[in-house]
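Just so we're aligned, residue 2 is where the sequence shown starts under this note's numbering, counting upward by one.
No residue lacks a Cβ here, since even glycine has one placed at the ideal position from N, Cα and C.
It should be emphasised that the depicted structure is a prediction, and the values quoted were computed from it without experimental measurement.
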Amino acid sequence: MLNRNENRQMKMCFVTLEELMPQEHFLRDLDRCVDFSFIYDKVEALYSNTGRPSVDPVMLIKMMLIGYLYGIESERRLEQEVRVNIAYRWFLGIELDEPVPDHSTISQLRRRKFSGTTIFQEIFDEIVRKCMEEGLVTGKLLLTDSTHIRANARNDLREVIEVPDTPSEYMQKLDREAFEMGLIKEPVEYPEKTKETIKSTTDPDSGLLNRPGKPNAFCYLNHQTCDAENGIITDVFVTKGNVNDCTPHTERLEHQIDKFGFATEAVCADGGYDNCEVYASMMKRKINTFIPKKSKPSSKTNYNSDFQPEHFIYNEEEDIYVCPAGRKLHYSSYLKGRGYKSYLASYNDCQKCCFRNQCIGKSKRARRIQRHIQEDFRQRQMQNLNTPEYHNAIRLRQIWCEGNFAHQKERHNLRRTFKRGIEKITEQCLLSACALNLKRLVKAI
């Protein structure tokens, strides 16, 4: 018999959110696992002791987390979803007869209260510590990678500007070491130089990404480190898109090791992090590195010949190189601002050498080899390559680092950005990492 549901009158029901909320739901599990009341202590200094009562900041931050947990990119849409979703209301503590905070309230909170603070970084750190308490993070093996995020900026709106061109702090440190070692006679003074770079007029904080296989566009780089035990993200750092991966790597590794007290035994990254600074800093902390060699040598000393720098043998006692013909290359100079020592062969030895055409050709006068001042650390760390531990670390890096980025881009609002400015992009990356960490925390518990 056909039944028609017509002329039904609305009836009054007495029901609570607790009764409507399913017993088996992720947000119910999350509420049991994590107590977000710690946020009150972190934001208390941002609020006045007088005036009208504010909207509960914990509720607003949890509302933002819902957006990242369920891939809701728009705060307008987030407001609409919370209004009709019983599970969201239960998690936020908003009764059925209570209004949902307007999306502009979140925007104003971010702009007026949280701008210029580290509140999102502190929330991320607390979640990492919670994962450590549950045994999900050991810190013994740390895995690092980066991914690009397209900036909310047009590629054609750009300008060429002059920026200071001075060596990095690391290079200046190497120059000071070279002076202490007697490689140079006087402390290095860096003249004021500038270089041209391309800046977006829409989002000046972004940088023009120019890498093989990547879009030639204004982007940000999200540098993430995760623990190899369960893939929990332990550090998030955002830079412009034109920054090398290895530039912030050492500082971020040391920062999280000191902050969380990790007893780190090894770190792993891809060939983009093949850098003497990383090797030296980790060696000083007695930490092994599992980093493959770059596909292309970075040194400019490579000749278009059969004999590359690896064919020359370095004698550490005499501080010389020995060429395949048995001739010696002695130290000649130090390259300021680059951190390389230059070794030069004798003119007569090269002119009379039977391998001259294979080594330097007819136009070069003598063979020159450059060696980084911290190359010893690199060579010692390179002994870790092709060991069982190395291959296991590389496999885990592909699983966790690349897997995390794929998961965050697909489900946790990391594929693109509607925001502008490095502070707002950092907030987005931190909350995306928090969402992934919370899912793994709930699943483990």
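Residue nearest to residue i in terms of C-alpha spacing, selected from the options
i    : options                : result
V467 : E74, G72, E99          : Because the chain in this structure spans residues 2 to 446, residue 467 falls outside the shown range and cannot be described.
P213 : R9, H149, F263, V237   : H149
S333 : C324, C360, R113, S343 : S343
Q257 : N245, A270, D228       : D228
H408 : L437, I426, V101, Y391 : L437
D146 : A326, T251, V59        : T251
A152 : R113, L210, R112, G327 : L210
P192 : N4, L431, G338, R366   : G338
K294 : Q380, D350, R113       : Q380
Q382 : C14, K287, R368        : K287
I199 : T167, S169, D157       : D157
A394 : K260, E230, C351, H312 : E230
G94  : N223, P54, F37, L184   : F37
H104 : M13, S433, V83, A367   : V83
E311 : G183, E319, P325       : P325
R412 : M182, E178, A367, L70  : L70
E266 : S433, T139, S364       : T139
V268 : F313, D259, F261, M283 : M283
E424 : N223, F261, N316, P249 : N223
Residue i, buried or exposed, once every other Cβ within 10 Å from all chains shown has been counted against 16
i    : result
R398 : buried
L439 : buried
M11  : exposed
M64  : buried
K301 : With a pLDDT of 46 at K301, under the threshold of 50, the predicted position of this residue should be treated as unreliable, though the coordinate-derived value follows. By the neighbour-count rule (16 or more Cβ atoms within 10 Å), K301 is not buried but exposed.
V44  : buried
D275 : buried
P298 : Its pLDDT being 47, under 50, P298 is placed unreliably in this model, and the value from its coordinates should be taken loosely. P298 should be labelled exposed.
Y322 : buried
K131 : buried
T388 : exposed
P216 : exposed
L110 : buried
Q309 : exposed
G208 : buried
P102 : buried
Y221 : buried
V16  : exposed
Y391 : buried
R155 : exposed
R5   : exposed
R90  : buried
S433 : buried
R113 : exposed
Supposed close pair residue i, residue j - CB separation, criterion 8 Å
i    : j    : result
A346 : L330 : 5 Å
E278 : Y171 : 5 Å
N454 : G72  : For the chain, the structure presents residues 2 to 446; residue 454 sits outside this window and is missing.
R417 : D204 : With 8 Å as the limit, R417 and D204 do not qualify as a contact, their Cβ atoms being about 13 Å apart.
G141 : A264 : Before going further, note that residue 141 is Lys rather than Gly in the sequence given. Contact holds; Cβ gap of about 7 Å.
C402 : L144 : 5 Å
N243 : N385 : Not really, about 30 Å apart at Cβ, beyond 8 Å.
L18  : E96  : 6 Å
D176 : V189 : 4 Å
L3   : A88  : About 35 Å; that fails the 8 Å criterion.
CB contact flag (residue i, residue j, <8 Å)
i    : j    : result
L61  : G68  : no
D32  : F92  : yes
G340 : I292 : no
G232 : R441 : yes
E163 : E197 : yes
C1   : G273 : Absent from the structure is residue 1, since the part of the chain shown begins at 2 and ends at 446.
T240 : T226 : no
F219 : S201 : yes
F121 : E428 : yes
D307 : Q371 : no
L137 : A445 : yes
T106 : V56  : yes
V59  : Y48  : no
F356 : Y280 : no
F419 : E74  : yes
I128 : C430 : no
S116 : E76  : no
K194 : T167 : yes
P249 : F261 : no
Interface flag, residue i vs chain C, CB-CB below 8 Å
i    : result
K365 : Among the chains in the structure shown there is no chain C, since it carries only a single protein chain.
Contact test: residue i Cβ vs the ligand MN heavy atom, cutoff 7 Å
i    : result
S108 : The model depicted lacks the ligand MN and carries no ligand whatsoever.
- Ordered list of alpha helix (DSSP H) runs contained in the segment 92-129, each at least 4 residues: Restricted to the segment 92-129, the alpha helix (DSSP H) segments that are unbroken, complete and at least 4 residues in length are 104-109, listed in chain order.
- Segments of 3+ residues assigned as beta strand (DSSP E) that fall wholly inside the segment 251-288: Under the rule that a run must span 3 or more residues, the beta strand (DSSP E) segments found entirely inside the segment 251-288 read 267-269.
- Item | In chain order, each alpha helix (DSSP H) run of at least 4 residues that lies wholly inside the segment 170-224 | Taking 4 residues as the shortest admissible run, the segment 170-224 contains the following complete alpha helix (DSSP H) segments, listed from N- to C-terminal end: 170-181.
- Pick out the complete alpha helix (DSSP H) segments inside the segment 375-437, 4 residues or longer, and give them in chain order. Runs of the alpha helix (DSSP H) inside the segment 375-437: 376-383, 389-398, 404-412.
- Task: Let me know the alpha helix (DSSP H) ranges lying completely inside the segment 12-51, each 4 residues or longer, listed in chain order.
- Result: Counting whole runs of 4 or more residues, the segment 12-51 contains the alpha helix (DSSP H) stretches 18-21, 27-34, 39-44.
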